[in-house]
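Below is one structure, written out as structure tokens; the observations come after it.
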Amino acid sequence: GENVEQHPSTLSVQEGDSAVIKCTYSDSASNYFPWYKQELGKGPQLIIDIRSNVGEKKDQRIAVTLNKTAKHFSLHITETQPEDSAVYFCAATNILTGGGNKLTFGTGTQLKVEL
Amino acid sequence: NAGVTQTPKFQVLKTGQSMTLQCAQDMNHEYMSWYRQDPGMGLRLIHYSVGAGITDQGEVPNGYNVSRSTTEDFPLRLLSAAPSQTSVYFCASSSTPERHNEKLFFGSGTQLSVL
Numbered sequence: 837g838e839n840v841e842q843h844p845s846t847l848s849v850q851e852g853d854s855a856v857i858k859c860t861y862s863d864s865a866s867n868y869f870p871w872y873k874q875e876l877g878k879g880p881q882l883i884i885d886i887r888s889n890v891g892e893k894k895d896q897r898i899a900v901t902l903n904k905t906a907k908h909f910s911l912h913i914t915e916t917q918p919e920d921s922a923v924y925f926c927a928a929t930n931i932l933t934g935g936g937n938k939l940t941f942g943t944g945t946q947l948k949v950e951l
Numbered sequence: 002n003a004g005v006t007q008t009p010k011f012q013v014l015k016t017g018q019s020m021t022l023q024c025a026q027d028m029n030h031e032y033m034s035w036y037r038q039d040p041g042m043g044l045r046l047i048h049y050s051v052g053a054g055i056t057d058q059g060e061v062p063n064g065y066n067v068s069r070s071t072t073e074d075f076p077l078r079l080l081s082a083a084p085s086q087t088s089v090y091f092c093a094s095s096s097t098p099e100r101h102n103e104k105l106f107f108g109s110g111t112q113l114s115v116l
């Protein structure tokens, strides 16, 4: 089955700096890679996703890049703000075999944005 | 605008007791799933369903049962609770890949403690 590794486990940045979280996956059949943000006491919320036919996707301050050859994908947050502080999870799946439901998650990154 | 609703939010059980975690969605999503979240391990898939009457096992199904009699509801049953089932449980739903919308919506979670 799929295995997703995520680094770093904790990340502390100054407000306004950029943050980068990296994930690798093992199954070359995976074709959908979402990123989730989880605030304390809440369920994960999708912030951005990318399909395997795209190398990069951007949404305001958030971007995701995908390198299929190396089997890794990354989340980039620019101009970080205190409200970006949360746990971030990457995930991978083959959407043809289970839609977006059968996700394999990374172990999470605790991002802290300091003033 | 309810989305995915989980009940209860908190539950304490004694070893050997049984209970059902409830999950309902009002988005007419075909796909539903249950994940558990443990510290340092991300989210792991327990069971999932691609439609009413159809369920399948995920990564960690032992000790749990599910059924899907309606599109809206997907309860998770613990037959004989064990301390190893102490965790936070999340229900999620999504549309089908054919609709090109894989976004997974999560409920707010149930925190379960088994003593």
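Which chain is which? The protein sequence lines are S and Z, in order. Add 836 to a position in the first sequence, counting from 1, and you land on the number used in the working numbering. Add 1 to a position in the second sequence, counting from 1, and you land on the number used in the working numbering. Glycine included, each C-beta is placed from N, C-alpha and C at the ideal position.
Inter-residue spacing [alpha-carbon to alpha-carbon] between residue i and residue j
| i | j | result |
| --- | --- | --- |
| Z/S88 | Z/F106 | 19 Å |
| S/K858 | S/H908 | 7 Å |
| Z/S50 | S/T860 | 27 Å |
| Z/P9 | S/L902 | 38 Å |
| Z/R37 | Z/F91 | 6 Å |
| S/E847 | Z/G54 | In the sequence as presented, Glu is not what sits at residue 847 of chain S; that position holds Leu. One C-alpha to the other measures close to 43 Å. |
| Z/S34 | S/L911 | 25 Å |
| S/L951 | S/T945 | 19 Å |
| Z/L80 | Z/D57 | 17 Å |
| S/L876 | Z/S94 | 21 Å |
| Z/V1 | S/D895 | Since the first residue of chain Z shown is 2 and the last is 116, residue 1 of chain Z is not available in this structure. |
| S/E838 | S/S862 | 6 Å |
| S/I913 | Z/D74 | 36 Å |
| Z/N29 | Z/G59 | 22 Å |
| S/Q917 | S/S845 | 19 Å |
| S/N867 | Z/A82 | 36 Å |
Member of the options whose CA lies at the smallest distance from the CA of residue i
| i | options | result |
| --- | --- | --- |
| Z/D27 | Z/T71, Z/K15, Z/T21 and Z/L14 | Z/T71 |
| S/I869 | S/T945, S/V949, S/F925 and S/L947 | Residue identity differs from the one stated: residue 869 of chain S is Phe in this sequence, not Ile. Ranking S/T945, S/V949, S/F925 and S/L947 by Cα distance to S/F869 puts S/F925 first. |
| S/V949 | S/V849, S/Q842 and S/H843 | S/V849 |
| S/E915 | S/D853, S/Q946 and S/I883 | S/D853 |
| S/T905 | S/V856, S/N889 and S/L911 | S/N889 |
| Z/H48 | Z/N29, Z/D39 and Z/S68 | Z/S68 |
| S/A855 | S/D863, S/S862, S/H843 and S/A927 | S/H843 |
| S/G942 | Z/R45, Z/S94, Z/F11 and Z/S81 | Z/R45 |
| Z/C24 | Z/A83, Z/L113, Z/G4 and Z/V13 | Z/G4 |
| Z/Q86 | Z/T56, Z/P76, Z/L77 and Z/L113 | Z/L113 |
| Z/Y65 | Z/S109, Z/Q18 and Z/T6 | Z/Q18 |
| Z/T97 | S/G936, S/T929 and S/G837 | S/G936 |
| S/Q881 | S/T933, S/L932 and S/D920 | S/D920 |
| S/I931 | S/W871, S/Y872, S/E841 and S/R887 | S/R887 |
| S/A899 | S/W871, S/E841 and S/V840 | S/W871 |
Local Cβ density within 10 Å of residue i, reported as buried at 16 or more and exposed below that
| i | result |
| --- | --- |
| S/F851 | At residue 851 of chain S the sequence reads Glu, which differs from the Phe that was named. So S/E851 counts as exposed. |
| S/L939 | buried |
| Z/M42 | exposed |
| Z/E31 | buried |
| Z/E103 | buried |
| S/R897 | exposed |
| Z/T21 | exposed |
| S/A865 | exposed |
| Z/T111 | buried |
| S/K878 | exposed |
| Z/L77 | buried |
| Z/G52 | exposed |
| S/L947 | buried |
| S/Q798 | Only positions 837 to 951 of chain S appear in the structure, and residue 798 of chain S is not among them; the question remains open. |
| Z/L14 | buried |
| S/T929 | buried |
| S/G891 | exposed |
For residue j and residue i, believed in contact at Cβ under 8 Å, the rounded distance
| i | j | result |
| --- | --- | --- |
| Z/T16 | Z/P84 | 6 Å |
| S/K893 | S/I884 | 6 Å |
| Z/Q12 | Z/S109 | That belief does not hold up - the Cβ atoms of Z/Q12 and Z/S109 are roughly 14 Å apart, past 8 Å. |
| S/V840 | S/A927 | 7 Å |
Ranges of the beta strand (DSSP E) found wholly within the segment 26-81 of chain Z, counting only runs of at least 3:
The DSSP assignment places complete beta strand (DSSP E) segments of no fewer than 3 residues inside the segment 26-81 of chain Z at 32-38, 44-52, 55-58, 65-67 and 77-79, in order along the chain.
Every unbroken alpha helix (DSSP H) inside the segment 906-938 of chain S [4 residues or more]
Those alpha helix (DSSP H) runs which fall completely within the segment 906-938 of chain S and span 4+ residues are 931-934.
Counting only runs that start and end within the segment 841-918 of chain S, where is the beta strand (DSSP E) found for 3 or more residues in a row?
Scanning the segment 841-918 of chain S from its first residue to its last, the whole beta strand (DSSP E) runs of 3-plus residues come out as 846-850, 855-861, 868-874, 881-887, 892-895, 898-903 and 908-913.
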